[in-house]
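Residue numbers (the numbering used here), protein chains in the order written: chain A, 1179 to 1838; chain B, -15 to 313.
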């Protein structure tokens, strides 16, 4: 016998088709995830897939039942060791991928492959837990389409069906489904908050503020063009010099690092505000911090957040997903005039026996000045008048007396150096003070009007407490270099430190970035952040009561009836019998007239037989009948096209009911 | 237990459908009234999956998850419509159902016409009492012939019974089906006996049997060719002259004329006798001899050819079932 392989029978071809398509779907859906997973998982999945392919096309042996059980156990163990849990999107995604490949090892018939297709859709949704950006969404459009094509071919394998045919058939199903899905997305009642535990994804490498401040931290951020948050003001925006976005207040200093210290008190302090209210919405990028950012000074915050005594907006969990919230602020305010002494003590504490020179300087100011405000002024004057430099490359500070080192030797620093040194001096002079970190500035995108605040705009400043006036913001960096506050972070820096930004070199690149940013922001605002709040607004706009479930249900039923009714009519219209040719139509009319006389044409009867029979029954009509039949036959089977004559004959054919 | 409940449900649906539909005429158009649809097991699983996806999207407040979930949900509904429409409007007309021997599979050829502008894909037809089905595609405005298989068990007329027309295309999430109650039957010949005695010897002498006017002894003239005439008896030369096929006629007592007689097989049960007779008819036909068939109350004059064979087989098939007058036609 020669080694010619036997031709595949139809069933084998169908199985191969199912295998190929489900592998393709699983591959397409797990590809974006493979980037996040541990390498061994991706490699194992690929190897298993290759093994399966080799078995189908090269006749390799597949693992037996016990082999598969062993592999499944190994997969569970591996995932458990890697993720320390089987719960959560990462572990579940990895496990799903491995088990899908193992299922593929024994898959046979419609049921198994159908299950694999459902797993492919689960993998798709698992991707969205990591990433919901526009690029992934764009990738998913053809990917979902392809998976649906695979579903079609898995459910109805046909080796003779062309790729073109199956993609088109699937498109015909997806296109009517898409608008319905969009309507459902907008109207389907959402609930806020998780249903069960929320195993969040750890965003490795999120750039942003850290809950502590040591010299050098913010300077690092100044290199980052990542968006920290976006703001949409309801009315006019305040001038740039007032765009101080408060994030955290740092009370404790250990000689090296400023930190928040113990949990902030929930003390309600006396606050008075002046001027106009500022309403705005913030879209915060994941920050991994349990605080929201707001313009100084926030008075109205989201319901699920708490305001601390230092006006930080605390939330229960670190922000790991993009978050949209509304805030009301006043830029003219005073707060904390009734600050009790035991709270102020915290903002006066300093590590003992450090920085003697700075302490001496502060002591000198305290003795010479008549009022505390004079001390503050002296300090700011020092930063302004003496040779201090605002720079991203301040050099290292070491040892125990870092403030001394900075104030008297180095004199080069970024905002955190100035804010830290300033607060140290104030406390040494007996004035309560603390460091505030957050962002300063923001650039309006001309395309959509949003203010974009980037990580490079991270900033640190100080607040001092004066009797009768409460807490007052003091920005020593502005004293060193006013351009930092007026023109943004690039304004204050030496030219050679900002020239690196390619957006300044190529203005069109900036436009491009604005365009992309507006698009990305629109995506965030209208798609990703779409939740109960936006939905309620939409409902109110179209005059629906969000809380009224009966009304909602009725609206949904009505909507579905209309949409699918229309689709149904379309299907009926598509399946209507083709219109009769004019010739056939006239002849049918002729037959109908005769049928009314009780001379119905039988299914099997040809025109000639029919004419003969009818003429016999009604000899009086013979002339007309023969004329019409001849004319019809000539039109149908001979090369004539005188439809008009037939029409005229039929129109004038009005047979009497009774034989005359 | 589960399967029994399912079988029970199926039977109830069946009875209900029969009650509301009644028997069908010659040509059937699949209209909405007679078209049913329910989710398949896959469809139910799909529904559960979409629901779990909805819960997941709610839990994570994941917009893209919502979009995928809603897309799949509406895809399911669209597929339901498409599956229903895959059968809607089809026209079915019974065609040929050739006789078979008992135990063989009869094929009822059903013409499925698609008057619409979209091809109908994976349309399956099957008889109720037969697990086998036939699946075919029907291109737009075309017709395809589906041979519906039906197992036969015993001779006589075999009713087709109820036919199911069904599809799960596209996506297999739903099954749409329609029941056809066609008044359609196929003739089933007796199964030829596997071991039959040799053909009875030709009968010599005029006295025995009926006088035979179509023996093969003496040439007596020509007549028009009839379907079933043996090619060996065609007068080729004369046919060429006359421009039509002519068959030679013979008279005389056939040396070869044999009577296949029910009475020749005493001691056997009736069905076995019929089986042997059936085998004899086939043997005689294959040997090209002239033969007649005699059953109690039925007598077919000796002859030969396909038509004669079919007449004989039909008589065997219907022996004892139908009034004699009908058998002889």
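We put the beta carbon where it would ideally sit given N, CA and C, even for glycine.
Distance from the CA of residue 1211/A to the CA of residue 1477/A, rounded to the nearest whole angstrom, comes to 42 Å. Residue contact with chain A for residue 55/B: present (Cβ-Cβ distance below 9 Å to some residue of chain A). Within chain B, not a single residue places a beta-carbon under 9 Å from that of residue 1809/A; the smallest gap is close to 26 Å. Between the C-alpha atoms of residue 1779/A and residue 1763/A there is a straight-line separation of about 15 Å. Per the DSSP secondary-structure output, residue 1652/A pairs in a beta bridge with 1640/A. Take the alpha-carbon of residue 1268/A and the one of residue 1306/A: they are about 11 Å apart.
Contact annotation, residue 1644/A with residue 1550/A: C-beta distance approximately 6 Å; criterion of less than 8 Å satisfied. A direct Cα-Cα distance of roughly 10 Å separates residue 1631/A from residue 1462/A. Bounds of the alpha helix (DSSP H) holding residue 1256/A are 1243 to 1261. If you check the CB distance, residue 1586/A and residue 1535/A come in under 9 Å.
DSSP, reduced to helix, strand and coil, places residue 1515/A outside both helices and strands of the structure shown, so it counts as coil. Uninterrupted beta strand (DSSP E) stretches at least 3 residues long and entirely within the segment 1280 to 1312 of chain A do not occur. A residue is called buried once 16 or more other Cβ atoms fall within 10 Å of its Cβ, and residue 1770/A, having fewer, is exposed. Selection 1502/A, 1531/A, 1500/A and 1487/A evaluated against residue 1515/A yields 1487/A as nearest (Cα-Cα). Note: residue 1391/A is bridge-paired with 1436/A in the DSSP secondary-structure output. Around residue 1354/A, the beta-carbon contacts reaching into chain B at under 7 Å are 62. Residue 289/B and residue 70/B have their C-alpha atoms some 46 Å from each other.
In the DSSP assignment, residue 32/B falls within the unbroken alpha helix (DSSP H) covering 25 to 44. A Cβ-Cβ separation of about 5 Å places residue 1724/A in contact with residue 1714/A under the 8 Å criterion.
Around the beta carbon of residue 1751/A, fewer than 16 other beta carbons sit within 10 angstroms, so the residue counts as exposed. Linking residue 4/B to residue 1830/A through their CA atoms gives a straight-line distance of about 43 Å. The beta-carbon of residue 1494/A is placed no less than 9 Å from the nearest beta-carbon of chain B. Its Cα nearest to that of residue 120/B, the residue 95/B stands out among 113/B, 95/B and 112/B. Burial check for residue 1687/A: the Cβ neighbour count within 10 Å stays below 16, so the residue is exposed. Closer than 9 Å to the CB of residue 1784/A there is not a single CB belonging to chain B. Among the bridge pairs identified by DSSP, residue 276/B is matched with 243/B. Apart from the 5 residues on each side of it in sequence, residue 1824/A sits with its Cβ closer than 8 Å to the Cβ of 1761, 1764, 1765, 1806, 1809, 1810 and 1813 in its chain, given in chain order.
In the DSSP assignment, no residue is bridged to residue 1803/A. Nearest to residue 34/B by alpha-carbon distance, out of 78/B, 48/B, 19/B and 60/B, is 60/B. Secondary structure of residue 1369/A (DSSP, three-state): coil. For residue 96/B, the nearest beta carbon of chain A is not closer than 9 Å to its own beta carbon. For the pair of segments examined, the segment 1716 to 1723 of chain A was found not to touch the segment 1646 to 1658 of chain A: the number of CB pairs separated by less than 8 Å stays below three. At a cut-off of 9 Å between beta-carbon atoms, residue 1334/A makes contact with chain B. When C-beta distances to chain A are compared with 9 Å, the residues of the segment 156 to 189 of chain B below that value are 156 and 157, in chain order. Judged by their CB atoms, residue 113/B and residue 134/B are nearer to each other than the 9 Å cut-off. Taking the beta carbon of residue 117/B as reference, no residue of chain A falls within 8 Å; the closest one sits roughly 14 Å away.
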